[in-house]
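Colleague: For the sequence shown, full-length UniProt numbering assigns the number 332 to the last residue and increments by one with no breaks.
Glycine residues also receive a C-beta, built at the ideal position from the N, C-alpha and C atoms.
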Amino acid sequence: MTIISKEQAVCIYYGREYSLENAREAQELFRIEHHSSVDLCYTTDPLQPVAAKKLRIHFSPSIFHTYLSEATTPAVNNTRNVNLTKEQVMSFINQVYIPFNNELSKILYDNDWISSAQIHSSVSLKSQVIGKKSGQAFAVLAGSNKLHFLQANVDRRQNQRYYHLSILRPSYQSKVIQQLLSYDVQYQQAIQVRKNEGYQMIGYCRKSPATGNNNDHDNRHRLLTSSKFERRDRVKHQPILGDGDTADMLNMLAGEGKDIILTVLDYAGLTTNTENLKEFLLEYPRVKYIYVDRLPFVLEVDQLNTQSLLVALVGGMFPFQYTVNVVKRYVP
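See below:
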């Protein structure tokens, strides 16, 4: 996720190229068009700004995120006692170390050539897991996770690779860390907000039926109950919700009742077949959103509007990948 300033966001909102003058004019236009109770924010992608009432932003901070203004004095970067997980570090690096982009805010970003070893040294201060790794092990980890900085232009100096990057200034990195540490809690809060809005939440994970002897079944059960998802989602003294198969879930979706948000574990947790997904969305219109939960692995929850997803699927696009129309959006 690329962090942009509020000035850049308002230019995107009005489809203007970013400059100080355009930002000033766009901000003035925003003040004229919208009441003072409305602010600019984003939900999942900072590059897709929306306007929302400040009251709603404050009521649902886990859903609506505000931008950092270039005119704002940066907070003190107090992250000495932080201990990020491996997944949090991967997300942190992708947000802080970005392939050079001259259009990014000069207030928020510095441009420099740095090595993988320098990145490793910096993030080791924020994560014991990464700090225990050698420079070579970190390079392998970066490659296997396809970190964004590896796509930057490379310059070789004394048998070492240096990457041309836009680097988020240290004084602003604390905002990234705060978001990473609170993401899981905010997601749970967002789920509760949706419930309060009247949606019914249904979680589903596709699992192949057990075959063979009882030992196979016991091994499958042991592996499932030791998974990251199970440890995170398990309610104390309770099993993982219920027993049932796909047919049971479909019967529930076919009945009458509240609109549904279907939560699946990773994309393959529902289906990997485009036609099946298309038929599923057409047959069960009660499903209004699909949440793809990948928090334990990549710290992301993709919130997909099923109508937009269906339009994309009919157009022949790959499942779960769709393009949002470039239009101004207003969240009342």
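(1) With 16 as the cutoff for other CB atoms within 10 Å, does Asn196 come out buried or exposed?
(2) Looking at the structure shown, is Ser308 part of a helix, part of a strand, or coil, going by DSSP?
(3) Could you tell me the alpha carbon to alpha carbon distance between residue 375 and Thr274, rounded to whole angstroms?
(4) Just tell me which of Ile93, Val10, Ser19 and Phe280 has its CA closest to the CA of Leu180.
(5) Evaluate Val140 with the Cβ neighbour count: other Cβ atoms within 10 Å of its Cβ, from every protein chain shown; 16 or more gives buried, anything less gives exposed.
(6) What alpha helix (DSSP H) runs, 4 residues minimum, are completely inside the stretch 30-62?
(7) Buried or exposed: Gly269, going by 16 or more other Cβ atoms within 10 Å of its Cβ?
(8) Per DSSP, which one or two residues make a beta bridge with His65?
(9) Out of curiosity, what's the CA-to-CA distance linking Tyr97 and Lys53?
(10) Considering only the alpha carbon of each residue, which of Ile202, Asp184 and Lys86 lies closest to Met252?
(11) What does the alpha-carbon distance come out to for the pair Leu168 and Tyr284?
(12) Within the continuous alpha helix (DSSP H) that includes Thr274, where are the two ends?
(13) Of the residues Tyr199, Asn159, Glu7 and Asp184, which one's Cα is nearest the Cα of Glu256?
(14) Return the chain-ordered list of same chain residues with a C-beta closer than 7 Å to the C-beta of Asn83, the five sequence neighbours on each side being excluded.
(15) Determine which residues share a DSSP beta bridge with Met201 and list them.
(16) My output table needs one value for Ile290: the three-state DSSP class, helix, strand or coil.
(17) Rounded to the nearest angstrom, what separates Lys6 and Tyr162 at their Cα positions?
(18) With a threshold of 16 other CB atoms inside 10 Å of the CB of Thr44, please say whether the residue is buried or exposed.
(19) Would you mind sorting Gln8 into buried or exposed? The rule is 16 or more other CB atoms within 10 Å of its CB.
(20) Does the beta-carbon of Ala152 have 16 or more other beta-carbons within 10 angstroms, so that it is buried, or is it exposed?
Modeller: On the basis of the coordinates in this document:
(1) Indexing the sequence shown from 1 puts residue 196 at position 196. Exposed, since its Cβ has fewer than 16 Cβ neighbours within 10 Å.
(2) Residue 308 sits at position 308 when you count from the first residue of the sequence shown. Reduced to three states, the DSSP call for Ser308 is helix.
(3) Because the chain in this structure spans residues 1 to 332, residue 375 falls outside the shown range and cannot be described.
(4) Looking up residue 180 in the sequence shown gives position 180. For Leu180, the nearest C-alpha among the options comes from Ile93.
(5) Your numbering for residue 140 matches position 140 in the sequence shown. Classification for Val140: exposed.
(6) 54-59
(7) On the sequence shown, position 269 is the one that residue 269 refers to. By the 10 Å Cβ count, Gly269 comes out buried.
(8) Here residue 65 is taken as the residue at index 65 of the sequence shown, counted from 1. DSSP lists Tyr42 as partners of His65.
(9) Position 97 of the sequence shown, counting from 1, holds the residue named residue 97. Position 53 of the sequence shown, counting from 1, holds the residue named residue 53. Looking at the two C-alpha atoms, the distance is approximately 32 Å.
(10) The residue labelled residue 252 in the question sits at position 252 within the sequence shown. Met252 has its Cα closest to that of Ile202, out of Ile202, Asp184 and Lys86.
(11) Taking the first residue of the sequence shown as position 1, residue 168 is located at position 168. Taking the first residue of the sequence shown as position 1, residue 284 is located at position 284. Approximately 44 Å, taken between the alpha carbons.
(12) Counting from 1 along the sequence shown, the entry for residue 274 is found at position 274. Its alpha helix (DSSP H) spans residues Thr274 to Glu283.
(13) In the sequence shown, the residue the question calls residue 256 occupies position 256. Considering only alpha carbons, the answer is Tyr199.
(14) As a first step, residue 83 must be located in the sequence shown, where it is residue number 83. Counting only Cβ-Cβ distances below 7 Å, and skipping sequence neighbours, we find Ser127 and Gln128.
(15) Position 201 of the sequence shown, counted from the first residue, corresponds to residue 201. According to DSSP, which records beta bridges pairwise, Met201 is partnered with Ile261.
(16) For the purposes of this step, residue 290 is identified with residue 290 of the sequence shown, where counting begins at 1. In this structure, Ile290 counts as strand in the three-state DSSP scheme.
(17) Stepping through the sequence shown from its first residue, residue 6 is reached at position 6. Stepping through the sequence shown from its first residue, residue 162 is reached at position 162. Roughly 31 Å between the two C-alpha positions.
(18) By one-based count along the sequence shown, residue 44 stands at place 44. It is exposed - the Cβ of Thr44 has fewer than 16 other Cβ atoms within 10 Å.
(19) Residue numbering aside, residue 8 sits at position 8 when the sequence shown is read from its first letter. Its Cβ being crowded by 16 or more others within 10 Å, Gln8 is buried.
(20) Here residue 152 is taken as the residue at index 152 of the sequence shown, counted from 1. Ala152 should be labelled buried.
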